[in-house]
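Engineer: Line by line, the protein sequences are chains A and B. So the first sequence is numbered by this note's numbering: it starts at 530 and just counts up by one. So the second sequence is numbered by this note's numbering: it starts at 2 and just counts up by one. Glycine included, each C-beta is placed from N, C-alpha and C at the ideal position. As the structure is a computational prediction, the values presented were derived from the model and not from experiment. This structure is in structure tokens; I'll ask about it shortly.
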Amino acid sequence: GDSVTQTEGLVTVTEGLPVKLNCTYQTTYLTIAFFWYVQYLNEAPQVLLKSSTDNKRTEHQGFHATLHKSSSSFHLQKSSAQLSDSALYYCALNTGYQNFYFGKGTSLTVIP
Amino acid sequence: NTKITQSPRYLILGRANKSLECEQHLGHNAMYWYKQSAEKPPELMFLYNLKQLIRNETVPSRFIPECPDSSKLLLHISAVDPEDSAVYFCASSQGFSNERLFFGHGTKLSVL
């Protein structure tokens with residue numbers, strides 16, 4: 530079946546250092562879209578990035594991700610983490626007709 | 002995010018009946034109810050597209066959705082159970098294929 534895997538439940542990084550959150554997926558659908566959602570404490574999830582094009586880098590708010598269908602991955606990266614980046618991050622797969630599959634989420638904590 | 006409004010913001014219930022309300026001001030065609038339990042990703046409950054119920058996931062019958070018009074969504078809850086304690090998010094999307102979700106701020110339901 531379709532699924533999204535986020536291997537790290539908790540990630541802690543020092544401010545100013547790079548961060549990478551992993552996301553891999555399984556699907557049999559060909560027309561798919563990927564999202565990274567960020568959820569700050571006591572707030573609603575909001576879209577951070579979206580991609581549906583293989584091997585094309587997508588950027589927003591200093592974060593970037595590239596969909597790699599060959600490795601079934603859509604990792605989220607940032608070159609320099611900020612304290613304000615501390616939040617819960619969900620990778621999500623949309624297989625069409627709004628079938629969303631969310632990963633279990635990665636809690637990112639940025640420390641001074 | 003004032004583009005999707007939900008009420009009430011917080012709800013504490015015994016075994017009473019109550020309705021959650023949602024209104025979106027984005028002109029979107031699809032509207033959703035998601036349930037997010039503690040430390041879990043959002044889980045789809047119901048999906049409406051152009052006022053028609055498209056998806057009805059495995060949800061207890063005490064939850065009854067209603068879509069009076071394309072911009073409003075209701076969730077009627079009767080005789081709640083402690084397992085219903087969660088945050089209930091209303092969401093919307095422009096279309097019905099590979100579209101991003103826009104979430105409301107949620108209703109936090111606490112069952113006594």
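#1: If contact means a Cβ-Cβ distance below 9 Å, which residues of the region 38-50 of chain B contact chain A?
#2: Contact check, Ser601/A vs Tyr554/A under 8 Å by CB: the rounded distance?
#3: Name the two residues that bound the continuous beta strand (DSSP E) containing Ser592/A.
#4: With 8 Å as the threshold, decide whether the Cβ of Asn584/A is near any Cβ in chain D.
#5: In angstroms, rounded to a whole number, what distance separates the CA positions of Leu596/A and Ala616/A?
#6: For Tyr619/A, which option in Thr556/A, Tyr558/A, Pro574/A and Asn584/A has the closest C-alpha, if you only look at C-alpha atoms?
#7: Measure from the alpha carbon of Gly625/A to the alpha carbon of each residue in Gly538/A, Tyr566/A, Ser581/A and His593/A, then state which is nearest.
#8: Which residue or residues does DSSP assign as beta-bridge partners of Arg586/A?
#9: Compare the beta carbon distance of Ile561/A and Leu622/A with 8 Å and say whether it is the shorter of the two.
#10: Excluding the 5 residues flanking Gly530/A on each side, which residues of the same chain have their C-beta closer than 8 Å to its C-beta?
#11: Tell me, please, whether the CB atom of Asn57/B is closer than 8 Å to any CB atom in chain A?
#12: On the premise that Pro66/B lies in contact with Leu76/B, defined as a C-beta separation below 8 Å, what is that separation, rounded to the nearest angstrom?
#13: For the region 51-59 of chain B against the region 6-23 of chain B, are there 3 or more C-beta pairs whose distance is under 8 Å?
#14: Could you give the DSSP three-state label for Asp614/A: helix, strand or coil?
#15: Who are the Cβ neighbours of Val533/A in its own chain at under 7 Å, not counting the five residues just before and after it?
#16: Taking CB distances under 8 Å as the criterion, tell me whether Asn99/B reaches chain A.
#17: Entirely within the region 9-82 of chain B and at least 4 residues each: give me those alpha helix (DSSP H) ranges in chain order.
#18: At a CB-CB cut-off below 8 Å, which residues of chain B make contact with Tyr558/A?
#19: Given a cut-off of 8 Å on the beta-carbon distance, is the pair Glu572/A and Pro641/A in contact?
#20: Could you check where the beta strand (DSSP E) with Phe564/A kicks off and where it finishes?
#21: Looking at Leu51/B: is its Cβ nearer than 8 Å to the Cβ of Ser71/B?
#22: In the DSSP output, which residue or residues are listed as bridge partners for Lys607/A?
#23: How many angstroms separate the CA atom of Ser98/B from the CA atom of Gln627/A?
Structural biologist: So, to answer that:
#1: Glu40, Lys41, Pro42, Pro43, Glu44, Leu45, Leu48 and Asn50
#2: 5 Å
#3: The amino acid occupying residue 592/A in the given sequence is Phe; Ser does not appear at that position. Residues Phe592 to Thr595.
#4: Judged by its chain identifiers, the structure shown contains no chain D, and its protein chains are A and B.
#5: 22 Å
#6: Pro574/A
#7: Ser581/A
#8: Thr595/A
#9: yes
#10: Gln555
#11: no
#12: 6 Å
#13: no
#14: helix
#15: Cys552, Tyr554, Cys620, Ala621, Leu622, Tyr630, Phe631 and Gly632
#16: yes
#17: none
#18: Correct list: empty, because the minimum Cβ distance to chain B is about 10 Å.
#19: no
#20: Ala562 to Gln568
#21: yes
#22: Val548/A and Phe592/A
#23: 5 Å
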